[in-house]
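As structure tokens, the structure follows; a few thoughts come after it.
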DNA sequence: CCTGGATGGG
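Residue numbers (the working numbering): -18 to 761.
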């Protein structure tokens, strides 16, 4: 209440509504408005419904000359100025329903020659005014008038109206009706009358209204009738000049007597279509008196959503034979129908279309319903949402309907499907929503359109050469149905399954495929799949619900992405290539390092470093106490002849003999060669290097040289003695033997001469070099 | 011969 109070004030101070879109539709519904707001002048559709507008002023809508649709329903409009719609000459749609208008004025509509749709229902007027309300509405096609207060209709009320698609009169409280009030009506396609009180209290009045209407309308619909008594036996009869072909009862309560009167009086009125919808029926089908009546005009019967309290007490309706024998279309749905006796089935001898959905039919009752010659013309049968369980039982029964082409068994619980018999004429079969998990044994081989949606089918491999359309949506299929078995399928619906992929190979087996719905599956968005579906499939067939329903399920990086927008990276898409490239990227540095190692003798350097570290770790004293040899001779194998023939003989035969360590002779077998070298050098006082070109080539010699070099620097003892067997120019020594170069620079070396006299001097010098230090140290 | 439905997350 506070809100309303506040906004009434706001509204009076020129409230503006700016909720307009690009098509000049302004939606000002439910804004607590109390007056017509200021709004875009070029507005073409204006919704002002569900506000608190009480009055429409003459000036409110004068500027809105382009207004075509004006919705003012559910306000509190009590009055409208006579000239209020004067400028709205292009207005086509005006809804003034559910307001509080007490009086209607013909002046409002004087200029609305384009108005097609007018709703004046649900106000407080008791009559349609003194003037001729609708006489200028030459374009009117839809009219709803009346309310719970309308008490009388008089002769000129509808003057000017001749053709309407729909005419709805709310006259539940109508008390008086002046004859020929509908005399201007020439062709009203559908006239809906809510005439509760007239039918209840004054059936003559009701009768006069219907009789007046009957020559001008093809479809009469009666609403809100309630358990009519049949005191007036003329009820529902129609005049000879009636145009009525269709009679509808809606939202009414009917009894046995109502139906009996209707059947009795209606059968000769030329009605071809009878509809009862959303009604309550209190009787038990006690219409025996119609037994010998016939009705050749009735060809369509619709009885839908009827609450029948005593449905289980219903009579066998075989006495209806003559009334239903010409019916071609029957919809008997949502009626608690549990049975149609064989006799009634037989009476429907011209029935082509029968809809029995939402009833209580069982396998057993089907047997009773389909007897010899029942429904002998039937081609279309709907048994959706009943209590059928076994295809094994009902398929042979239904195969007796000799012309059946179209059968809908959807939404039953069909568990027993191991064996079926079908009519050869059957072309359309609907088994959706039936909890089926296997079906292959139960599909008619010549079927053309098959709906198996909403089941639990995991595999589909049936051979169906005539099949044109297949709907297997919402099942558990992981693969497309075996393509080769379905050569004529044009339309395939397989959304909501467990498909993980679709490949060109699978799709191309359906040569005739034009339309495919494969959304809502669990696609693995591989590169092949993405390429195929995005670049080829979408261009070759009509893909329904594309792209919004095609979502990637995996891999994780693209989960929940729309297939159309999903792109995979180069590395994802070329796995072999990228693995190869990674391997190359990983192996190349290793190879390069390896190559560099080889080229620059890395391993040798590593070994050296390791050996050096080893040597450094050993305590010095232990070394001195373990002197065992006078000299360790380091030489190349190529120089072994000189070492063994000359050096060994000369030095070991002196007095006292010098003890030499030769790797050939003194190395401990089985020990690692580097350990041997280190140990031997450590056990020797001096290291004698026999230098030659060969020596430089041999790695071990380099190593020995280096180790001795460590000792040289570590212990400051002059252990290395160099003997040159042949001249080695310094340039020929490889770069990495910088130590040898240094050694040769810093130490004097002995050269092996060719001349024998000079050789004697050489030996002498060598012995001095080997022994000299011994004298200084005074050891041993 | 339109009047229909189910749907998952790891």
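No residue lacks a Cβ here, since even glycine has one placed at the ideal position from N, Cα and C.
- For the pair of segments examined, the stretch 181 to 196 was found not to touch the stretch 237 to 244: the number of CB pairs separated by less than 8 Å stays below three.
- DSSP lists no beta-bridge partner residue for residue 401.
- Around residue 74, the same chain offers 50, 98 as residues with beta carbons nearer than 6 Å, after the five sequence neighbours per side are excluded.
- Rounded to whole angstroms, the gap between the alpha carbons of residue 544 and residue 121 is 50 Å.
- For residue 164, the closest alpha carbon among the candidates 192, 182, 63, 157 is that of 192.
- Comparing alpha carbon positions, the residue from 215, 225, 255 closest to residue 231 is 255.
- Taking each of 234, 262, 264, 221 in turn and checking the Cα distance to residue 248, the smallest one comes out for 221.
- In this structure, residue 129 lies away from residue 167, with their beta-carbon atoms at least 7 Å apart.
- Setting aside the 5 residues that flank it on each side, residue 119 is surrounded in the same chain by 94, each with a C-beta closer than 6 Å to its C-beta; the list follows chain order.
- Apart from sequence neighbours up to five positions away, the residues of its chain that approach residue 107 with a beta-carbon distance below 7 Å are 130, 131, 132, ordered along the chain.
- When DSSP assignments are scanned along the stretch 305 to 382, the uninterrupted stretches of beta strand (DSSP E) that are 3 or more residues long and fall wholly within it turn out to be 310 to 314, 334 to 336, 361 to 363.
- Its chain contains 391, 392, 432, 433, 434, 435, 436, 452 as the residues whose beta carbon lies nearer than 8 Å to that of residue 413, once the 5 sequence neighbours on both sides are disregarded; these appear in chain order.
- If you compare the alpha carbons of 591, 520, 644 with that of residue 612, the shortest gap goes to 644.
- Under the DSSP assignment, residue 610 falls in the beta strand (DSSP E) whose first and last residues are 610 to 615.
- For the stretch 611 to 673, the continuous beta strand (DSSP E) assignments of 3+ residues that do not extend past its boundaries occur at 641 to 643, 665 to 672, in sequence order.
- Per the coordinates, the alpha-carbon of residue 577 lies some 10 Å from the alpha-carbon of residue 584.
- Just measuring C-alpha positions, the residue of 516, 507, 515 sitting nearest residue 553 is 507.
- By the Cβ rule, the stretch 483 to 492 does not count as touching the stretch 444 to 459, because fewer than three pairs are nearer than 8 Å.
- Counting C-beta atoms within 10 angstroms of its own C-beta, residue 343 has 16 or more neighbours from the protein chains shown and is therefore classed as buried.
- Residue 158 carries a strand assignment under DSSP once its states are collapsed to helix, strand and coil.
- The alpha-carbon separation between residue 245 and residue 273 amounts to approximately 11 Å.
- In the structure shown, residue 568 falls within a helical segment according to DSSP collapsed to helix, strand and coil.
- With fewer than 16 neighbouring CB atoms inside 10 Å of its own CB, residue 649 falls in the exposed class.
- The stretch 68 to 85 makes contact with the stretch 102 to 117, as at least three CB pairs between them are under 8 Å.
- As computed with DSSP, residue 123 is found in a beta bridge with 98, 147.
- Excluding the 5 residues flanking it on each side, residue 321 has same chain C-beta neighbours closer than 7 Å at 350, in chain order.
- Residue 440 and residue 462 have their alpha carbons spaced roughly 7 Å apart.
- Distance from the CA atom of residue 372 to the CA atom of residue 470, rounded to whole angstroms, is 25 Å.
- The stretch 554 to 561 and the stretch 520 to 532 do not touch, with fewer than 3 CB-CB distances between them shorter than 8 Å.
- For residue 154 and residue 289, the gap between their C-alpha atoms comes out near 28 Å.
- In chain order, 280, 331, 333 place their CB closer than 6 Å to the CB of residue 309, counting only its own chain and leaving out the 5 sequence neighbours on each side.
- For the alpha helix (DSSP H) assignment, the uninterrupted runs of no fewer than 4 residues enclosed by the stretch 478 to 515 are, from N- to C-terminal side, 485 to 489, 508 to 512.
- Distances from the alpha-carbon of residue 151 to those of 114, 397, 100 put 100 closest.
- In the structure shown, the three-state DSSP call for residue 728 is coil.
- Within the model, the alpha-carbon separation for residue 458 versus residue 384 is close to 33 Å.
- Within the model, the alpha-carbon separation for residue 88 versus residue 114 is close to 8 Å.
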